[in-house]
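What follows is one structure encoded as structure tokens, with my remarks underneath.
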Amino acid sequence: MVTITLLHPGTMGTAIGAEARKTGTRVLWVPRGRSEATRRRAEQAGFEATPSLTDALDVSDLVLSVCPTQVADEVADRVAETGYEGLFIEANALGPAHVARIAARLTPASVVDACIFGPDSHRHRVAHLYLSADAPAQRAAELLATAFAGTRVETTVVSGSAAALKMAFVAHQRSSRVLAAVSHALARSHGVGDELLREARLMGADTLADPGYFPTLAARAWRWHPELDEVAGTLRDAGLPSALAHATTEVMARWEDDKDASPSVEAVLDRLFTETNGP
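In short: position in the sequence shown from 1, add 1014, done, that's this note's numbering.
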């Protein structure tokens, strides 16, 4: 039986860990300092609470780090403080350079550059867990193949950087959704919102044709904003333009007060206007 320490049971982490539980995999978590919502998710998913991080790591085959981008360093540092020497799957939305810095801090642990695409607790699509190819990744892939056998999580080893794959996806997905919101705010301010929506649907422009997603976008801005900062740095490192990523973070900053809320579409669009230039 494979044993995984999950850091931490957020929405994504819980969805992934719950799939592992279907195979009898032991999923450990550390309640200390976590919220009541996290505790409920972990208990409902059948995760095993441990008294301390050290207690969890001592009996684990690997660590799976799935947390908001802005706390990934803190999570890695806490693991490093224990002297952990095993496999550490860095599956957060970080750029390749950031993953390399975390790997250096976690020595002698073996850090695997990874990324996750879906699922969340409300969807039924297959999730993909990508690992960058190296010796630790091969060992991690074997363990994860056992942990997720026959579940909705597929593990794939890629020849390049898994972190860069996530950054490329985030660059497009987050920016396109934010641009759609700005476009609808502009059309609405000039009284042509319905016409924009009609044309978007006729042309099959999925993102622009789905304003119902905007409340979710606003509610997740607090988490996605730092991801776009990572994207900007990754683009700069590659010699590519980073202005679009910076602009996307600027827009997302206007929704940070909507964390985990359920604003209306109209309220989300209203947030985009400056005080002197409302709709």
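For each residue, glycine too, the CB sits at the ideal point set by N, CA and C.
Scanning the segment 1047-1118 for uninterrupted alpha helix (DSSP H) segments of 4 residues or longer gives 1050-1059, 1067-1072 and 1086-1095, listed from N- to C-terminal end. In the structure shown, the three-state DSSP call for His-1022 is coil. Judged by DSSP in its simplified three-state form, Ser-1189 adopts helix. Within the DSSP secondary-structure output, Ile-1130 pairs in a beta bridge with Leu-1143. For Leu-1258, there is no enclosing beta strand (DSSP E); the residue is found in the alpha helix (DSSP H) stretching over 1257-1266.
Taking 8 Å as the upper bound for CB-CB distance, Ser-1175 and Pro-1110 are in contact here, some 5 Å apart. By the Cβ criterion, the segment 1221-1230 is not in contact with the segment 1256-1268, since fewer than three pairs of Cβ atoms, one from each stretch, lie closer than 8 Å. Counting C-beta atoms within 10 angstroms of its own C-beta, Thr-1169 has 16 or more neighbours from the protein chains shown and is therefore classed as buried.
Relative to Val-1125, the option among Ala-1151, Gly-1031, Leu-1071 and Val-1196 whose CA is nearest is Ala-1151. Between the segment 1207-1216 and the segment 1178-1188 there are fewer than three inter-stretch CB-CB distances shorter than 8 Å, so the stretches are not counted as touching. Under the DSSP assignment, Val-1172 falls in the beta strand (DSSP E) whose first and last residues are 1167-1172.
Just measuring C-alpha positions, the residue of Gln-1084, Asp-1075 and Ala-1070 sitting nearest Trp-1236 is Gln-1084. Taking 8 Å as the cut-off, the Cβ atoms of Ser-1079 and Glu-1104 count as close. Val-1041 is positioned such that its CB atom lies closer than 8 Å to that of Arg-1035. The segment 1232-1247 and the segment 1198-1207 do not touch, with fewer than 3 CB-CB distances between them shorter than 8 Å.
Distance from the CA of Glu-1270 to the CA of Leu-1286, rounded to the nearest whole angstrom, comes to 12 Å. Arg-1285 carries a coil assignment under DSSP once its states are collapsed to helix, strand and coil.
Leaving aside the five residues that flank Glu-1088 on each side, none in its chain has a CB nearer than 8 Å to its CB.
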